[in-house]
Amino acid sequence: MPSLLQADVYVSSRLPLAIKRLGESSSFSPISCTLIHGDAEAVLVDTPISVSQTEDLVSWIKETASGKELRYVYITHGHGDHWFGITVLRKHWPNLRALAAPAEIMDPPIFELEDHKFRTVEVRHTDTHNTTVLYVPSIRLVVAGDVVYGDVHQYFGEANTTEKRKEWLRALDKIEALDPHTIIAGHKRARTVDGLFNLQKTRWYILDFEDAIQSASNWEELAEDLRRRNPRRLNPHAILRGAWTEDGRII
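For the sequence shown, the residue numbers in the working numbering are 90 to 340.
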């Protein structure tokens, strides 16, 4: 009989940036790292960006899954704020194996931990190209990376055309078709529930952005509109990275 899997989520502190945007200090969005563990082994999905953040994550893993071996770290996509911490992790778990998709990197797109299957699902372009989610059928869990956001402003710097944003919407449909019970967003507030509602909120935000960018005449208007529509979301500085047209001009 397979072991019972459980999942815990670590949300990093917000790493400050040495620039100001919108008249405010800037920082990275909080990053969620998901630990899925059985009786003796564990899988981590995504890492933070800095050494100090990752050392804090290591301490949390050792407390949360005491005595268990971290076998794999799965990286959902290519943004550095989701994999730069691998080197720090390997200092503590030298045999740690890093996994990633698409298929030319990871084939077949399935791995196992204590007789449980973990399936990588390619969803193409979302907030960047070649994005994936990790699906664990036995507990109906999707770890969504940046395909799904919590209460954090979404990044559109690479989803900078209507067609790319439509592809992001199709990716959300693909996750929904998996019929998950739990969806963990790649950027979220700490201590918030990982509910299915984040899927719909991500969809609505994309539609909000599509509407706002059509009517805004400059980035200030775009930022003001999105903040008005989404007053609870963290990190409005992410909006500015999405205020660029495909050929590099600010709107």
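Glycine included, each C-beta is placed from N, C-alpha and C at the ideal position.
Taking the DSSP output, what are the residues bridged to residue i?
i	result
lysine 206	Glu201
threonine 165	Per DSSP, none; premise fails for threonine 165.
threonine 221	Glu211
isoleucine 273	Val232
aspartate 97	Leu124
leucine 188	Tyr163
leucine 341	Missing from the structure shown is residue 341; the chain here goes from 90 to 340 and no further.
valine 132	Ile125 and Tyr161
Can you tell me whether residue i is buried or exposed? The criterion is at least 16 other CB atoms within 10 Å of its CB, across all chains shown.
i	result
isoleucine 273	buried
glycine 156	exposed
phenylalanine 286	exposed
lysine 206	exposed
proline 119	buried
threonine 220	buried
glutamine 142	buried
aspartate 204	exposed
proline 137	buried
alanine 30	Residue 30 lies beyond the range of the chain shown here (90 to 340); nothing can be said about it.
alanine 279	exposed
leucine 223	buried
glutamate 193	Any reading at glutamate 193 is ruled out, since the residue's pLDDT is 48, under 50, leaving its predicted position unreliable.
arginine 322	buried
aspartate 135	buried
Among the candidates the options, whose CA atom is the shortest distance from the CA of residue i?
i	options	result
aspartate 327	Gln95, Pro226 and Phe245	The amino acid at residue 327 is misidentified as aspartate; the sequence shows alanine. Answer by Cα proximity: Phe245.
glutamine 289	Thr251, Ala301, Val236 and Thr221	Val236
threonine 123	Asp204, Thr153, Asn319 and Val140	Thr153
glutamate 211	Gln303, Asp314 and Gly167	Gly167
histidine 181	Val140, Glu299 and Arg322	Val140
phenylalanine 117	Glu299, Lys277 and Ala332	Lys277
arginine 208	Trp308, Arg229 and Arg254	Arg229
alanine 332	Leu323, Asn324, Asn319 and Ser306	Ser306
valine 225	Asp216, Ile199, Ala190 and Tyr238	Ile199
arginine 179	Ala189, Glu201 and Val147	Val147
isoleucine 302	His242, Val232, Asn249 and His171	Asn249
leucine 296	Gly284, Lys255, Asn324 and Arg322	Lys255
glycine 239	Val177, Ser102 and Thr281	Thr281
alanine 233	Asp97, Leu329, Glu299 and Ser121	Ser121
valine 231	Ile125, Leu93, His171 and Ser102	Ile125
leucine 202	Pro325, Trp257 and Gln95	Gln95
May I ask you to check if the CB of residue i is nearer than 7 Å to at least one heavy atom of the ligand GDP?
i	result
glutamate 252	In terms of ligand content, the structure shown is empty, and the ligand GDP therefore cannot be addressed.
Is there at least one Cβ from chain C nearer than 8 Å to residue i's Cβ?
i	result
phenylalanine 207	This model lacks chain C altogether, as it is built from one protein chain only.
**Prompt:** Do the stretch 149–165 and the stretch 244–263 touch if we need at least three Cβ pairs shorter than 8 Å?
**Reply:** They do not touch, by the three-pair rule.
**Request:** Flag this pair as touching only if the stretch 295–313 and the stretch 265–272 have three or more C-beta atom pairs under 8 Å; answer yes or no.
**Result:** Here the stretch 295–313 makes no contact with the stretch 265–272; the two share fewer than three CB pairs at distances below 8 Å.
**Item:** Contiguous beta strand (DSSP E) assignments of at least 3 residues, all confined to the stretch 241–290
**Value:** If we require 3 residues or more, the beta strand (DSSP E) runs fully inside the stretch 241–290 come out as 271–273.
**Message:** List, from N- to C-terminal side, the beta strand (DSSP E) runs of 3 residues or more that fit wholly inside the stretch 135–161.
**Reply:** Unbroken beta strand (DSSP E) stretches of 3 residues or longer found wholly inside the stretch 135–161: none.
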